[in-house]
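Have a look at the structure below before the remarks.
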Amino acid sequence: MSDYVQSPISGRTMNRPLLISSLIKNAARYFSDVEIVSRMSDGTVHRYTYGDCHARAQRLANALAQLGLSIGDRVATLGWNNYRHFEAYFAIPGSGLVLNTINPRLHADQITYIADHAEAKCVLFDLSFLEQAEAIAAQCPGAATFVAMCAASEMPERTSISNLICYEDFIAAASDTYGWPEFDETAASALCYTSGTTGNPKGVLYSHRSTMIHSYAEVMPDAFNISSRDVIMPVVPMYHSNAWGLPYASALAGAKLVLPGPMMDGKSLYELIDGEGVTFSAGVPTVWNGLLDYIKARELSFTTFKRMNIGGSACPTAMMNTFRHTHGVDVIHAWGMTEMSPMGTICTLQGRHADLPEADIQTLRETQGHPVFGVDMLLLDDQGVELPWDGKTTGNLFVKGPWVIDSYFKHPVGSALEDGWLPTGDVVTINSQGYIKIMDRSKDIIKSGDEWISSIEVENIAQLHEDVHQAACIGIPHPKWGERPVLVVIARAEAEISKDDLLAFLEDRIAKWWMPDDIHFVDTIDLGPTGKVLKNKLRDRFAKVESTAT
Ligand code: AMP
10 MSDYVQSPIS
20 GRTMNRPLLI
30 SSLIKNAARY
40 FSDVEIVSRM
50 SDGTVHRYTY
60 GDCHARAQRL
70 ANALAQLGLS
80 IGDRVATLGW
90 NNYRHFEAYF
100 AIPGSGLVLN
110 TINPRLHADQ
120 ITYIADHAEA
130 KCVLFDLSFL
140 EQAEAIAAQC
150 PGAATFVAMC
160 AASEMPERTS
170 ISNLICYEDF
180 IAAASDTYGW
190 PEFDETAASA
200 LCYTSGTTGN
210 PKGVLYSHRS
220 TMIHSYAEVM
230 PDAFNISSRD
240 VIMPVVPMYH
250 SNAWGLPYAS
260 ALAGAKLVLP
270 GPMMDGKSLY
280 ELIDGEGVTF
290 SAGVPTVWNG
300 LLDYIKAREL
310 SFTTFKRMNI
320 GGSACPTAMM
330 NTFRHTHGVD
340 VIHAWGMTEM
350 SPMGTICTLQ
360 GRHADLPEAD
370 IQTLRETQGH
380 PVFGVDMLLL
390 DDQGVELPWD
400 GKTTGNLFVK
410 GPWVIDSYFK
420 HPVGSALEDG
430 WLPTGDVVTI
440 NSQGYIKIMD
450 RSKDIIKSGD
460 EWISSIEVEN
470 IAQLHEDVHQ
480 AACIGIPHPK
490 WGERPVLVVI
500 ARAEAEISKD
510 DLLAFLEDRI
520 AKWWMPDDIH
530 FVDTIDLGPT
540 GKVLKNKLRD
550 RFAKVESTAT
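With this note's numbering as the guide, the letters of the sequence shown map in order to residues 10 to 559.
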């Protein structure tokens with residue numbers, strides 16, 4: 010129930026619903042010739058236009074309608090970033106169905122849990138995920154229709170899915186003219202599940218209205234700054250929080266889109282970036298190391314690539330600096346959550362920063378930025394007392410906004426909130442201008458004695474060492490201090506770095522009591538299904554290693 014004050018007089022503007030179908034209609038009407046380029050799983054490059062996409066999205070909407078689905082029914086996808094998945098992004102919500110993007114990298118049990126919990130009636134999948142689709146078919150009786158997103162010639166010879174439909178046949182048989190229906194803008198549009206490291210994933214259900222407002226906000230100059238002059242390459246997967254909204258924002262702006270499919274190696278990304286004239290890309294930090302290594306080894310440079318948005322976890326300063334200073338690419342740090350569609354804060358500089366000394370500008374750039382218009386923030390201590398925005402005081406971040414959820418799917422309305430605010434689970438400082446610095450997830454922050462240690466800060470500084478490829482800092486139980494930091498490091502190939510070298514490097518740069526008690530050199534660091542470090546796994550892996558602090 011809304012407790013807003015009611016005005017006796019309403020504005021006299023048209024009450025047009027904000028619907029996702031309007032994005033693809035707009036792109037096809039005004040940017041019909043603008044290209045969408047996809048790297049397919051076999052490495053080939055497919056290209057067509059928004060005009061072609063609209064025709065095929067209408068075919069898909071007609072084909073889905075013939076399955077007898079009702080408005081609000083969920084249609085799941087297990088797909089890479091490619092043009093067929095992009096068509097589903099419009100056909101499914103545009104026709105009133107709900108797009109349930111399932112992260113195929115989740116454990117098989119979680120995938121079937123999601124399909125079951127979402128009550129998906131139909132599943133569209135890329136052939137790479139046949140096994141996952143078969144698991145859903147075997148365990149979720151409600152999922153009656155399975156469509157392999159491929160051509161007839163690529164259909165699997167053998168599968169346990171009965172009556173498997175070929176996507177190309179499915180849409181070829183349907184008309185390419187579809188009357189996109191109008192309905193209430195608060196209708197559900199997409200259902201993403203959190204990739205929670207503990208417990209079952211939770212459903213985050215966006216509406217047409219929240220997605221449309223998020224799209225308008227995303228293209229703003231102090232957000233992702235997307236226009237029809239851009240060539241956008243979402244490296245963030247379309248199964249992770251709607252690829253941070255980029256498919257929708259690109260269609261809104263009429264920007265050329267480059268969808269990189271499964272190939273995240275440096276060579277494949279570089280070829281697309283330079284070959285297709287990419288101006289803007291976005292993704293989590295871990296995907297960019299391969300690209301940086303590739304261009305460094307070959308002394309390559311970028312021709313058109315000017316901006317990138319790195320978020321999902323803290324962007325190491327070293328990575329930010331290499332992109333900016335060596336390759337001329339402006340790294341814009343961003344923070345968000347699936348529960349926020351996901352955009353929360355973006356680190357663009359403002360007019361008032363023009364004359365700041367370079368060191369202060371660098372300090373600002375390393376923050377996660379200021380809230381995008383629409384997002385409200387609140388900083389509280391553990392007792393719920395409001396804390397000052399002074400850039401120093403650390404507290405729990407709460408948010409509000411038109412694209413922030415109020416409850417998880419199938420939970421009571423408002424149940425995700427505390428006094429009307431969504432707890433983010435992030436521990437941050439906020440400066441007087443509203444720039445936030447994420448110190449940690451509340452469950453990852455290290456408590457040593459009565460003091461907090463930011464694992465993100467320690468990692469960031471360790472990664473400034475030229476021989477460190479990746480570092481993760483975790484808290485390990487300690488009898489006297491409660492917890493002490495331990496650093497887990499992947500060294501660069503062929504680097505000869507010892508524990509003492511790295512400790513000496515850190516010694517000058519961090520407080521004495523922040524110094525890791527131990528450093529472990531490893532070949533791999535566990536990453537979760539969205540490319541983030543799994544700190545709970547690392548803690549299990551190193552929990553038994555004795556702390557050396559006295
Ligand atoms: P997800 O919903 O999987 O996208 O995860 C959201 C969480 O990722 C946030 O609550 C943060 O803990 C973390 N996160 C997102 N962006 C950043 C960032 N730029 N720096 C540090 N942590 C981040």
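Built from N, CA and C at the ideal position, the CB exists for glycine as well.
How long is the line joining the alpha carbons of residue i and residue j, rounded to whole angstroms?
{"i": "S424", "j": "Y417", "result": "8 Å"}
{"i": "A558", "j": "L512", "result": "Interpretation of A558 is limited by its pLDDT of 49, a score under 50 that renders its predicted location unreliable; the figure taken from the coordinates is listed afterwards. Distance between the alpha carbons of A558 and L512 is about 14 Å."}
{"i": "T154", "j": "I447", "result": "43 Å"}
{"i": "E348", "j": "E505", "result": "42 Å"}
{"i": "R65", "j": "F95", "result": "10 Å"}
{"i": "T539", "j": "T203", "result": "10 Å"}
{"i": "A129", "j": "D51", "result": "28 Å"}
{"i": "V542", "j": "L536", "result": "4 Å"}
{"i": "W346", "j": "G81", "result": "Position check: residue 346 holds Met in this sequence, whereas Trp was assumed. The straight-line gap from Cα to Cα measures roughly 24 Å."}
{"i": "L133", "j": "A70", "result": "13 Å"}
{"i": "D178", "j": "R68", "result": "11 Å"}
{"i": "S16", "j": "T110", "result": "39 Å"}
{"i": "A72", "j": "I180", "result": "6 Å"}
{"i": "T313", "j": "G254", "result": "22 Å"}
{"i": "D476", "j": "I33", "result": "47 Å"}
{"i": "L28", "j": "L473", "result": "45 Å"}
{"i": "E492", "j": "W522", "result": "11 Å"}
{"i": "E427", "j": "K409", "result": "11 Å"}
{"i": "Q371", "j": "W297", "result": "20 Å"}
{"i": "V156", "j": "F514", "result": "54 Å"}
{"i": "S556", "j": "I528", "result": "Only weak support exists for where S556 lies, its pLDDT of 48 falling under 50; the value from the coordinates is given anyway. Rounded to the nearest angstrom, the two C-alpha atoms are 11 Å apart."}
{"i": "P397", "j": "L388", "result": "8 Å"}
{"i": "R83", "j": "V413", "result": "21 Å"}
{"i": "A368", "j": "R333", "result": "15 Å"}
{"i": "L136", "j": "T53", "result": "15 Å"}
{"i": "A552", "j": "K544", "result": "11 Å"}
{"i": "V287", "j": "I341", "result": "16 Å"}
For residue i and residue j, which I take to be in contact (beta-carbon distance under 8 Å), what is that distance rounded to the nearest angstrom?
{"i": "S224", "j": "A258", "result": "5 Å"}
{"i": "R48", "j": "G270", "result": "4 Å"}
{"i": "A262", "j": "I235", "result": "5 Å"}
{"i": "L266", "j": "I534", "result": "In fact, because the Cβ distance is near 31 Å, the residues do not count as touching under 8 Å."}
{"i": "P256", "j": "Y98", "result": "5 Å"}
{"i": "Y176", "j": "S350", "result": "Actually they are not in contact, since the Cβ atoms of Y176 and S350 sit about 27 Å apart, beyond 8 Å."}
Would you decide whether residue i is buried or exposed? Buried here means 16 or more other CB atoms lie within 10 Å of its CB.
{"i": "H487", "result": "buried"}
{"i": "D12", "result": "exposed"}
{"i": "K211", "result": "buried"}
{"i": "E395", "result": "exposed"}
{"i": "V22", "result": "The residue asked about is misnamed: residue 22 is Thr in this sequence, not Val. Counting Cβ neighbours within 10 Å, T22 comes out exposed, since fewer than 16 surround it."}
{"i": "E285", "result": "buried"}
{"i": "N24", "result": "exposed"}
{"i": "S30", "result": "buried"}
{"i": "F382", "result": "exposed"}
{"i": "P494", "result": "buried"}
{"i": "H217", "result": "buried"}
{"i": "T335", "result": "exposed"}
{"i": "H249", "result": "buried"}
{"i": "E166", "result": "exposed"}
{"i": "R93", "result": "buried"}
Does any C-beta atom of chain E lie closer than 9 Å to the C-beta of residue i?
{"i": "G81", "result": "You won't find chain E in this structure, because it holds only one protein chain."}
Any heavy atom of ligand 3 closer than 8 Å to the CB of residue i?
{"i": "C482", "result": "What this structure holds is ligand 1, not ligand 3."}
Any chance you could list the alpha helix (DSSP H) runs of at least 4 consecutive residues sitting entirely within the region 223 to 306, in chain order?
250 to 253, 255 to 262, 275 to 285
Would you say the region 39 to 46 touches the region 76 to 84, given that touching needs at least three Cβ pairs under 8 Å?
no
Does the contact criterion of 3 or more C-beta pairs under 8 Å hold for the region 164 to 172 versus the region 185 to 193?
no
Ignoring anything shorter than 4 residues, give me the alpha helix (DSSP H) runs that lie fully in the region 88 to 121, in order along the chain.
92 to 103
Contact between the region 360 to 379 and the region 177 to 188 (3+ Cβ pairs under 8 Å)
no
Three-pair Cβ contact test at 8 Å for the region 400 to 411 versus the region 424 to 442:
yes
Would you list, in sequence order, the uninterrupted beta strand (DSSP E) runs of no fewer than 3 residues that lie entirely inside the region 377 to 417?
As far as the region 377 to 417 is concerned, its whole beta strand (DSSP E) runs of at least 3 residues are 385 to 389, 404 to 409.
Can at least three beta-carbon pairs, one atom from the region 473 to 484 and one from the region 536 to 553, be found at a separation below 8 Å?
yes
Could you say if the region 134 to 151 and the region 227 to 241 meet the contact criterion of at least three C-beta pairs nearer than 8 Å?
no
Should the region 361 to 369 be regarded as contacting the region 319 to 334, the criterion being three or more beta carbon pairs within less than 8 Å?
no
As an exercise, report each continuous alpha helix (DSSP H) stretch of at least 4 residues that is fully enclosed by the region 499 to 535, in chain order.
Counting whole runs of 4 or more residues, the region 499 to 535 contains the alpha helix (DSSP H) stretches 508 to 516.
At 4 residues or longer, what runs of the alpha helix (DSSP H) sit wholly inside the region 130 to 184?
139 to 148, 176 to 181
I'd like the ranges of any beta strand (DSSP E) spanning at least 3 consecutive residues and lying wholly in the region 334 to 364.
Runs found: 339 to 345, 352 to 355.
Taking 8 Å as the cut-off, does the region 452 to 459 touch the region 299 to 309 (at least 3 CB pairs, one atom from each stretch)?
no
Just list the beta strand (DSSP E) runs in the region 31 to 73, keeping only unbroken ones of 3 residues or longer that don't cross its boundaries, in chain order.
44 to 48, 54 to 58
Every unbroken beta strand (DSSP E) inside the region 422 to 510 [3 residues or more]:
The region 422 to 510 contains these whole beta strand (DSSP E) runs: 431 to 439, 445 to 450, 455 to 457, 460 to 462, 477 to 487, 491 to 500.
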